Amino acid sequence: MIDYSSEVVAQLNEKLVKEVVVSDTTIDPNHNTIYYSDLFRVVGLNYDGSKKSEFVTIGKLRSLTVDPTNEIIYYTASRKIYKADPQGEIIEELAADDISFFALNISFRAEANDLYISDFGYESIVRVDIETGEFDPIYTRVGRPNGLAIDQENDILYWVDGTTGRIAMSPMDWSGMREIVGDLKNPRHLIHYKNNLCWIEKGNKVNRIDISSGEMVSVVVRNKTIQGLDIDRLSNRIYFSEGSKEIYSTDLLGDNLQVKPFAFEVEA
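Reading the sequence shown from the start, the letters are residues 2 to 269 in this note's numbering.
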């Protein structure tokens with residue numbers, strides 16, 4: 002458990018007022034909550050944008066995910082992996098110094114109770130056992146692993162290779178690896194939903210591909226940089242953050258981009 006002194010928290014809160022940068026978003030559909038990471042804090046929001054929870058972290062946040070069954074948040078910050086309750090009353094360090102400062106995506110695998118991380122800095126995909134903290138680099142020399150996603154139902158891992166501009170997949174037992182799509186321009190982040198993959202491309206686009214047919218469409222094209230990306234599997238809506246203070250929602254076709262109440266300005 003980590004004990005934050007009031008002095009440290011005050012210093013961080015002062016910094017947060019000046020800097021609001023949404024680096025990642027994740028959805029907890031079981032509790033109707035959107036979580037976003039903002040440099041040094043994790044904030045939980047209701048779908049109308051009202052604040053539900055918030056806690057300050059030590060170290061710069063890179064990515065976060067949630068175990069919706071147990072309502073536990075996992076996140077990476079300054080080469081460490083943490084778990085926390087939504088209010089941040091209990092924060093535990095799972096692993097330290099085994100990841101780089103550029104652990105860009107973290108995904109929770111419910112069946113095995115472990116985490117998967119795409120580590121841009123170490124060019125690897127790693128697995129962390131939540132119970133023991135055991136750290137296992139399962140795939141190295143990936144190039145630039147800018148994102149990963151897990152098909153929980155079929156036990157398949159998907160990842161982005163930024164060096165080759167492709168998205169690849171493999172069963173968890175590594176019995177067969179294949180490319181899903183190639184020739185992408187600066188792909189990063191990745192989410193899996195039913196038979197679809199969504200990712201950010203060229204900084205300002207959200208693309209989606211049907212894994213079976215290979216049909217690819219641009220769901221959203223924006224004028225600002227898109228950061229976090231996730232999908233609410235109950236409402237079939239994609240959530241993404243844009244610029245420094247905005248979170249938006251759209252359907253899978255991009256035909257219904259909603260500004261309010263499903264988009265809101267993040268509070269400093």
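The C-beta atom is built at its ideal place from N, Cα and C for all residues, glycine as well.
Please read these numbers as outputs of a predicted model, since none were measured by experiment.
Neighbourhood of residue i by C-beta, 6 Å cutoff - its chain only, sequence neighbours within 5 removed
i, result
"residue 86", "none"
"residue 6", "In this predicted model, residue 6 has a pLDDT of only 42, less than 50, meaning its place in the structure is not dependable enough to derive any value."
"residue 93", "84"
"residue 259", "250"
"residue 181", "168 and 170"
"residue 254", "none"
"residue 47", "53"
"residue 209", "197, 199, 218 and 220"
7 Å CB neighbourhood of residue i in its chain, flanking five on each side removed
i, result
"residue 222", "205 and 206"
"residue 19", "A caution first: residue 19 carries a pLDDT of 43, below 50, which makes its placement in the model unreliable, though a value can still be read off. Excluding residues within five positions, none has a Cβ falling inside 7 Å."
"residue 193", "150, 151, 152 and 159"
Residue j beta carbon less than 8 Å from that of residue i
i, j, result
"residue 198", "residue 159", "yes"
"residue 49", "residue 109", "no"
"residue 70", "residue 31", "yes"
"residue 163", "residue 188", "yes"
"residue 238", "residue 252", "yes"
"residue 114", "residue 131", "yes"
"residue 74", "residue 62", "no"
"residue 96", "residue 134", "yes"
"residue 202", "residue 185", "yes"
"residue 147", "residue 161", "yes"
"residue 248", "residue 37", "yes"
"residue 72", "residue 25", "no"
Cutoff 8 Å; reference residue i; Cβ partners in own chain excluding five residues on either side
i, result
"residue 226", "204, 205, 243 and 244"
"residue 196", "211, 212 and 213"
Counterpart residues of residue i in DSSP-defined beta bridges
i, result
"residue 251", "239"
"residue 259", "250"
"residue 37", "26 and 44"
"residue 172", "157"
"residue 224", "None; residue 224 has no bridge partner."
"residue 49", "Bridge partners of residue 49: none, in fact."
"residue 219", "208"
"residue 197", "194 and 211"
Touch test, the region 29–49 against the region 112–124, Cβ-Cβ under 8 Å, three pairs minimum:
no
What runs of the beta strand (DSSP E), each 3 residues or longer, lie entirely inside the region 132–161?
136–141 and 146–152
Every unbroken beta strand (DSSP E) within the region 57–126, with a cutoff of 3 residues, ordered by chain
62–68, 73–78, 81–85, 92–97, 104–110 and 115–120
Specify whether the region 74–84 and the region 162–179 touch according to this definition: at least 3 beta carbon pairs, one from each stretch, less than 8 Å apart.
no
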